[in-house]
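Every letter in the sequence shown is one number past the one before it in our numbering, and letter 184, counting from 1, is 184.
We put the beta carbon where it would ideally sit given N, CA and C, even for glycine.
Shown next, in structure tokens, is the structure this report addresses.
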Amino acid sequence: MKGENIISFSKDWTEDPTSNNHVMRRLAKENTVLWLNSISTRAPNLSSGRDLKKIVTKLGAFFRGARHEGDRLWVYTPLVLPLPHSPWATRANRLLLRFMLGRLRRQLGMTEFQLWTFLPNATEYVGTLGEAVSVYYCTDEWSKFTGVNERKMADAERELCRKVDILFATAQSLLDNRRPLNLECHLATHGVEVEKFARALDDATPLPADLADLPRPILGFYGLLEDWLDYDLLVTLARRRPDWTFVLLGKAVVDVSRLEAVPNVRLLGRKPHDELPAYCKAFDVGLIPYQLTERLLHVNPIKLREYLCAGLPVVSAALPEVERYQPLCAIARTPDEWERAIEDALKADTPEARRARSAAMRDESWDRKVEELSEQVMRVKCAKTSARSA
């Protein structure tokens, strides 16, 4: 794909990088990309300080306009009413978006364009903005998120799956559930920044100062500290094994006071993505301690490939997409299994094993994954254009 114009409904740019960021950053190297910050998957809770702060932040970003984020990527915060299931709000938002996007397209020289969405509530806009081809990149079972209207979100996503020209799903279960809704439904597993995370194996990569003097072994996790982590498990393991140090990197958006009360647990806050390879180098084992909820059973954690590319032994909850990577990683279901799996990982780890795990990720780069996506999208776009002109 080269020389295309892309408008993308995405999460907020400033949040931790996800597949949204990785895919669009690569597409923006040879295409003009207009990234639209989240149009809201749920109504805000006006009694929540977090939600009120987010509203103020979004208003400020809207008035600042589109900003350049490198290559040919522009980020814009649209002004929309955050009522995702309200018919009148949707009509108003559709008019607002058509006006705002028309102006931005003229400014950026975007004539014909592709419409991509990583969000399920964009269904009301697909087919109304004049796009040449529409793409849905599905990363989650969105109706199972905390705070959303499960029935309405599921209905909206089913409609979106039927409307788009092509659909990608990041897990086999997501693909299987959506395949009956769209003939152009394809698996798109996550990639990894191979060169970046392989730096964890480089002797020249320094250890982070805030980990250098911690007692070993260090069992590490990074990511948003949300309600999907198994905090009961982490507290249990940390209390059982005071000789192990548990390090969690990431912004805490739930109460983590129970973890903070355990002496051998360190909560070090959010770290820049570029620093994560150095932290991986300092970890002895990478953890994926997710709860096995209905939503989490469909996730495909990007950090799995990042841990492995960094050479780390990995112990994870029994997520179907992680189980596919055995024996590169270990699966645990109970605290006893977690403790044994971590012990085994520590005993079996060697420099040679780390290099082998990293080498296994060489063919899973984001560059390769995005090239495959691009080929599929252009095939569908060309077929659609030919059908129109026939």
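- Which listed residue (76, 298, 21 and 11) has its alpha carbon closest to that of residue 191: 21
- Message: So, at 6 angstroms on beta carbons, what are the nonlocal neighbours of residue 141 in its own chain, with the 5 sequence-adjacent residues on each side left out?
- Response: Taken in chain order, the residues that qualify are 295 and 298.
- Based on the DSSP output, what are the partners of residue 365 in its beta bridges? The bridge partners DSSP lists for residue 365 are 192.
- Query: Where does the unbroken alpha helix (DSSP H) through residue 245 begin, and where does it stop?
  - Reply: Not the alpha helix (DSSP H): residue 245 falls in the beta strand (DSSP E), residues 245-249.
- Message: Could you tell me the alpha carbon to alpha carbon distance between residue 42 and residue 373, rounded to whole angstroms?
- Response: Caution applies to residue 42, whose pLDDT of 43 falls short of 50 and renders its modelled position unreliable; the value that the coordinates give is listed next. Counting only the Cα atoms, residue 373 lies some 29 angstroms from residue 42.
- Note down, in chain order, each residue of its chain lying with its Cβ closer than 7 angstroms to the Cβ of residue 193, except the 5 sequence neighbours on either side. 366
- Task: Write down every uninterrupted run of the beta strand (DSSP E) in the stretch 289-367 whose length is 3 residues or greater and which is fully enclosed by it, in chain order.
- Result: 314-316
- Measure how close the beta-carbons of residue 273 and residue 87 come, nearest whole angstrom, since I'm counting them as under 8 angstroms. About 39 angstroms; that fails the 8 angstroms criterion.
- Roughly how far, in whole angstroms, is the beta-carbon of residue 233 from the beta-carbon of residue 253, given that I think they are within contact range, below 8 angstroms? Between residue 253 and residue 233 the Cβ distance is about 19 angstroms, and since that is not below 8 angstroms, they are no contact.
- Proximity winner among 27, 173, 28 and 29, relative to residue 319 (alpha-carbon distances): Checking every option, the nearest Cα to that of residue 319 belongs to 173.
- Message: With three or more beta-carbon pairs closer than 8 angstroms as the criterion, would you say the stretch 132-140 touches the stretch 112-119?
- Response: yes
- Query: Fully enclosed by the stretch 88-164, which beta strand (DSSP E) runs are 3 residues long or longer?
  - Reply: 114-117 and 133-138
- With a CB to CB cut of under 7 angstroms and the five nearest residues on each side skipped, what residues in its chain are close to residue 264? Correct list, in chain order: 238, 242, 244, 245 and 246.
- Task: For the alpha helix (DSSP H) holding residue 236, just list the boundary residues, first then last.
- Result: 231-240
- Leaving aside the five residues before and after residue 378 along the sequence, list all residues of the same chain whose C-beta is less than 7 angstroms from its C-beta, in chain order. 1
- Rounded to whole angstroms, what's the CA-CA distance from residue 58 to residue 97? Just pull it up for me. Only weak support is given to the placement of residue 58: the predicted model assigns it a pLDDT of 47, under 50, and the value that follows is read from those uncertain coordinates. Answer to the nearest angstrom: the Cα atoms are 15 angstroms apart.
- Task: State buried or exposed for residue 248, treating a residue as buried only when at least 16 other CB atoms are found within 10 Å of its CB.
- Result: The Cβ neighbour count for residue 248, taken over all protein chains shown within 10 Å, is at least 16; the residue is labelled buried.
- Query: Got a sec, what are the start and stop residues for the alpha helix (DSSP H) residue 177 sits in?
  - Reply: 172-178
- Give the secondary structure of residue 169 by DSSP, where H, G and I count as helix, E and B as strand, and everything else as coil. strand
- Message: Please identify the residue among 26, 12 and 10 whose C-alpha is closest to the C-alpha of residue 4.
- Response: Among 26, 12 and 10, the Cα nearest to that of residue 4 is on 26.
- First and last residue of the uninterrupted beta strand (DSSP E) at residue 257: That residue, residue 257, is in no beta strand (DSSP E); its alpha helix (DSSP H) goes 257-260.
- Query: According to DSSP, is residue 389 helix, strand or coil?
  - Reply: DSSP, reduced to helix, strand and coil, places residue 389 within a helical segment of the structure shown.
- Option nearest residue 388 by Cα separation, candidates 355, 132, 207 and 360: 132
- Query: Based on the DSSP secondary-structure assignment, which residues constitute the bridge partners of residue 220?
  - Reply: 247 and 286
- State yes or no: is the C-beta of residue 262 within less than 9 angstroms of the C-beta of residue 287? no
- Compute the minimum distance between the beta carbon of residue 31 and the heavy atoms of the ligand GTP, and state whether it is under 8 angstroms. This structure lacks the ligand GTP, and indeed carries no ligand of any kind.
- Among 223, 333, 308 and 13, the one whose alpha carbon lies nearest that of residue 327: 308
- Message: I need the DSSP call for residue 8, collapsed to helix, strand or coil.
- Response: strand
- Query: Which one or two residues does DSSP pair with residue 228 in a beta bridge?
  - Reply: Answer by DSSP bridge pairing: none, since residue 228 is not bridged.
- Are the beta-carbon atoms of residue 397 and residue 291 separated by less than 9 angstroms? The first residue shown for the chain is 1 and the last is 390, placing residue 397 beyond what the model contains.
- Item | Simplified DSSP assignment, three categories, for residue 268 | coil
- For residue 204, does the three-state DSSP call read helix, strand or coil? coil
- Message: Taking the straight line between their C-alpha atoms, what separation do you get for residue 352 and residue 383?
- Response: 48 angstroms
- Can you tell me which of the three DSSP states residue 72 falls into? coil
- Query: In three-state DSSP terms, what is residue 198?
  - Reply: helix
- Task: Report yes if the C-beta distance between residue 170 and residue 10 is below 9 angstroms; otherwise report no.
- Result: The Cβ atoms of residue 170 and residue 10 lie no closer than 9 angstroms to each other.
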